[in-house]
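Structure record follows, encoded as structure tokens.
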Ligand code: AHR
Ligand code: AHR
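Numbering (this note's numbering), first residue to last: 4 to 483.
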């Protein structure tokens, strides 16, 4: 059985079921998600294998030598409640016409029972939505939902959500949403410790219990894979959570609606959001693997069976890098491969990261500017950070999508901005080096300056022409 078979047996059927990693009904054989590739704009649907796990090999073959975005996350419930690129609302997204970004298809690799699959890695600016969903709860009607998330990928911005929201993409008032939130925002509610927390986004508030502020019963989460559940019915709601890779769910809150006006009765509208707030607030980040919404208030027993099913799916981490290997502790120089520029290397001039022509007869200072010590990724040790040879303690990081050399300030943002994952070079040479935190974006030289660029996008440096060459660099032993 799949999670939605279990919800059906419990009398609270799935009305939306989304996953890029596996089928959520045992009998589901339709498409899980659609990817679009950068080389020619072609799309393909990725379906489950007979095991129920997504056919990641089909994605890898389709996307070989180019980039891919997740364009559609199909609804497996049969209601057609698919998630697509979120439109502008109270806030606009960073893409053209105010749409949000789409997620990279390779930002969140995992295995399920040893088989490779990909989750949805939501960077700030990324969001999916369906403003015309059918069968989802409206008004004060009962519903439940769960999501499996990466407990180590979050931030404090509004709002990494999955669940029920406004059909207008605008804030229409208290109680007009009922969604799972995950992150360490302290603007509204908080739980114990420093977060991240599972909370409920009920509009104009993230709630950790009946008190609109702190509720100590809602714990900080430290699992790599998290099951997060929220459910609500007239004057009753609950937050539950646990380790998606083992054990059972705990109840973090169950009781009356918040003690502030507008949330009892609720005014749910029935749209579905992923990675954003109800008004298309899009500063948050997180990773989504699977989730559903139900009709009716699921029993704890039903949710406990769903948790057992999730644990049995055996989510585990998969490598974030591929292609020619870099060795932590070694020092490298990184040569451009675009025909214009094959004698140029990634260098810094002060805090600017650029390319310059460097050779064995260059001055020592320039050789040092072209030399980088490979470190374990500051935000994720499955990837890398690049420390300057001549300015120890300073690392290549992105800022406003440019690459700069800055001293490590110890912050989560710095660590994430300075973490990069290598893969085989998109043009077949060396490595392409993608941002861990924005996996659609790669080290790219453009007019001899370094950026993190996506393959098509709103910035001039996102140009598709020469993209594969501009993002491919050959690593060699460092000049200095
Ligand atoms: O409730 C928190 C957030 O407040 C909602 O997600 C958003 O619509 C509003 O800005
Ligand atoms: O480079 C994109 C973002 O810009 C970085 O994450 C942040 O440091 C800056 O605001």
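Note that CB positions come from ideal geometry on N, CA and C, so glycine has one too. From a predicted model like this one, the values you see are computed outputs, not experimental measurements.
With a threshold of 6 Å on Cβ separation, who are the neighbours of residue 162 within its own chain once the five nearest residues in sequence on each side are excluded?
Counting from one through the chain shown, the residue named residue 162 turns up at place 159. Cβ within range, chain order: 184, 204, 280, 284, 287.
Within a Cβ cutoff of 6 Å, which residues of the same chain sit near residue 235, ignoring the five residues on either side of it in sequence?
Stepping through the chain shown from its first residue, residue 235 is reached at position 232. Closer than 6 Å at the Cβ level, and outside the excluded window around residue 235, lie 181.
If I follow the unbroken beta strand (DSSP E) through residue 112, where does it start and stop?
Counting from one through the chain shown, the residue named residue 112 turns up at place 109. Note, residue 112: beta strand (DSSP E), 111-115.
For a test of your reading of the model: does the CB of residue 180 fall under 7 Å from any non-hydrogen atom of ligand 1? Yes or no.
Here residue 180 refers to the residue found at position 177 when the chain shown is read from its first residue. Yes; taking the cut-off as 7 Å, the Cβ of residue 180 has a heavy atom of ligand 1 nearer than that.
Taking Cβ to Cβ, would you say residue 297 is nearer than 8 Å to residue 96?
For the purposes of this step, residue 297 is taken as residue 294 along the chain shown, with counting starting at 1. For the purposes of this step, residue 96 is taken as residue 93 along the chain shown, with counting starting at 1. Cβ atoms of residue 297 and residue 96: not closer than 8 Å.
With which residues is residue 314 paired in a DSSP beta bridge?
One-based indexing of the chain shown puts residue 314 at position 311. None; residue 314 has no bridge partner.
Take residue 59 as the anchor and find which of 22, 369, 138, 268 has the nearest alpha-carbon.
Taking the first residue of the chain shown as 1, we reach residue 59 at position 56. Checked all of 22, 369, 138, 268; the closest Cα to residue 59 is 22.
For the alpha helix (DSSP H) holding residue 167, just list the boundary residues, first then last.
Taking the first residue of the chain shown as position 1, residue 167 is located at position 164. Counting along the chain, residue 167 sits inside no alpha helix (DSSP H); it lies in the beta strand (DSSP E) bounded by residues 164-168.
From residue 201 to residue 134, what distance separates their C-alpha atoms?
Counted from its first residue, the chain shown places residue 201 at position 198. Counted from its first residue, the chain shown places residue 134 at position 131. Residue 201 and residue 134: Cα-Cα distance of roughly 24 Å.
Residues around ligand 2, please: the condition is that the C-beta lies closer than 5 Å to some non-hydrogen atom of it.
Residue selection by CB proximity (closer than 5 Å to any heavy atom of ligand 2) returns 401, 402, 403, 404, 420 in chain order.
Would you check if there are 3 or more beta carbon pairs closer than 8 Å linking the stretch 242-258 to the stretch 269-279?
The answer is no - the stretch 269-279 does not touch the stretch 242-258, with fewer than three Cβ pairs under 8 Å.
Spatially closest choice to residue 111 from 17, 27, 424, 189, by CA coordinates
What you label residue 111 is simply residue 108 of the chain shown in a count that begins at 1. Comparing alpha carbon positions, the residue from 17, 27, 424, 189 closest to residue 111 is 424.
Please report the residue range of the alpha helix (DSSP H) in which residue 415 lies.
If you number the chain shown from 1, residue 415 lands on position 412. Taken as a continuous stretch (DSSP letters only), the alpha helix (DSSP H) holding residue 415 covers 415-420.
Hey, out of 73, 253, 213, 93, whose CA is closest to residue 292's CA?
The residue given as residue 292 occupies position 289 in the chain shown. The candidate whose alpha carbon is nearest that of residue 292 is 73.
Can you say whether residue 331 is buried or exposed, counting buried as having 16 or more other CB atoms within 10 angstroms of its CB?
As a position in the chain shown, residue 331 is number 328, starting the count at 1. Flag for residue 331 reads exposed.
When you compare each of 470, 7, 139, 57 to residue 436 by their alpha carbons, which one comes out closest?
Residue numbering aside, residue 436 sits at position 433 when the chain shown is read from its first letter. Relative to the Cα of residue 436, the nearest Cα in the group 470, 7, 139, 57 belongs to 470.
Which residues end up in the neighbourhood of ligand 1 when you take C-beta atoms closer than 7 Å to any of its heavy atoms?
Working through the chain, the matches are 93, 161, 162, 164, 174, 180, 191, 204, 205, 206, 207, 208, 209, 280, 281, 282, 284.
Is the number of C-beta pairs between the stretch 112-119 and the stretch 49-57 that are closer than 8 Å three or more?
Per the Cβ contact rule, the stretch 112-119 is in contact with the stretch 49-57 (3 or more Cβ pairs under 8 Å).
For the beta strand (DSSP E) containing residue 424, list its first residue and its last residue.
The sequence position of residue 424 within the chain shown is 421, counting from 1. Start and end: 423-427.
Beta-carbon proximity of residue 391 to residue 397, cut-off 8 Å
In the chain shown, the residue the question calls residue 391 occupies position 388. In the chain shown, the residue the question calls residue 397 occupies position 394. Judged by beta-carbon spacing, residue 397 lies within the 8 Å limit of residue 391, meaning their Cβ atoms are closer than that value.
In whole angstroms, what separates the C-alpha of residue 39 from that of residue 416?
Numbered from its first residue, the chain shown carries residue 39 at position 36. Numbered from its first residue, the chain shown carries residue 416 at position 413. Take the alpha-carbon of residue 39 and the one of residue 416: they are about 29 Å apart.
Cβ-based burial, residue 197 [other Cβ within 10 Å; buried from 16]:
For the purposes of this step, residue 197 is taken as the residue at position 194 of the chain shown. Flag for residue 197 reads exposed.
Below 8 Å on the Cβ atoms is my guess for residue 173 versus residue 92; work out the distance and round it to an integer in Å.
Locating residue 173 in the chain shown gives position 170, where the first residue counts as 1. Locating residue 92 in the chain shown gives position 89, where the first residue counts as 1. With a Cβ gap of about 5 Å, residue 173 and residue 92 count as contacting.
Could you pull out every unbroken beta strand (DSSP E) segment of at least 3 residues lying fully inside the stretch 287-346, listed in chain order?
Fully enclosed beta strand (DSSP E) runs of 3 or longer: 289-297, 318-320, 334-339.
Could you pull out every residue in the same chain whose Cβ sits closer than 8 Å to the Cβ of residue 353, ignoring the five residues on either side in sequence?
For the purposes of this step, residue 353 is taken as residue 350 along the chain shown, with counting starting at 1. So the qualifying residues of the chain are 408.
Are the beta-carbon atoms belonging to residue 153 and residue 228 less than 8 Å from one another?
Numbered from its first residue, the chain shown carries residue 153 at position 150. Numbered from its first residue, the chain shown carries residue 228 at position 225. Taking 8 Å as the Cβ cut-off, residue 153 and residue 228 qualify as a contacting pair.
Is the beta carbon of residue 62 less than 8 Å from the beta carbon of residue 131?
The residue you call residue 62 lines up with position 59 of the chain shown. The residue you call residue 131 lines up with position 128 of the chain shown. No, these two residues do not count as a Cβ contact at 8 Å.
Taking the C-alpha atoms as reference points, what is the distance between residue 142 and residue 168?
Looking up residue 142 in the chain shown gives position 139. Looking up residue 168 in the chain shown gives position 165. About 11 Å.
Range of the contiguous beta strand (DSSP E) that encloses residue 387:
One-based indexing of the chain shown puts residue 387 at position 384. 387-391 is the extent of the beta strand (DSSP E) around residue 387.
Residue 84 burial status per 10 Å Cβ neighbour count (16 or more: buried):
Sequence index remark: in the chain shown, residue 84 carries index 81 (1-based). Looking at its Cβ environment, which holds 16 or more other Cβ atoms inside 10 Å, residue 84 is buried.
Runs of 4 residues minimum, wholly inside the stretch 229-254: which ones carry the alpha helix (DSSP H) assignment?
Secondary structure within the stretch 229-254: not one fully enclosed alpha helix (DSSP H) run of 4 or more consecutive residues is present.
Confirm, please, whether the CB-CB distance from residue 373 to residue 361 is below 8 Å.
In the chain shown, the residue the question calls residue 361 occupies position 358. In the chain shown, the residue the question calls residue 373 occupies position 370. Closer than 8 Å, so yes.
Alpha-carbon spacing of residue 428 relative to residue 68, whole angstroms
As a working mapping, residue 428 is identified with position 425 in the chain shown. As a working mapping, residue 68 is identified with position 65 in the chain shown. Our two residues, residue 428 and residue 68, have alpha carbons roughly 8 Å apart in a direct line.
Does DSSP put residue 358 in a helix, a strand or coil?
One-based indexing of the chain shown puts residue 358 at position 355. If DSSP states are grouped into helix, strand and coil, residue 358 belongs with the strands.
First and last residue of the alpha helix (DSSP H) that includes residue 471?
Mapped onto the chain shown, residue 471 falls at position 468. Its alpha helix (DSSP H) spans residues 470-473.
With respect to the alpha helix (DSSP H) encompassing residue 7, which residues constitute its N-terminal and C-terminal limits?
Against the chain shown, residue 7 aligns to sequence position 4. For residue 7, the uninterrupted alpha helix (DSSP H) segment begins and ends at 6-12.
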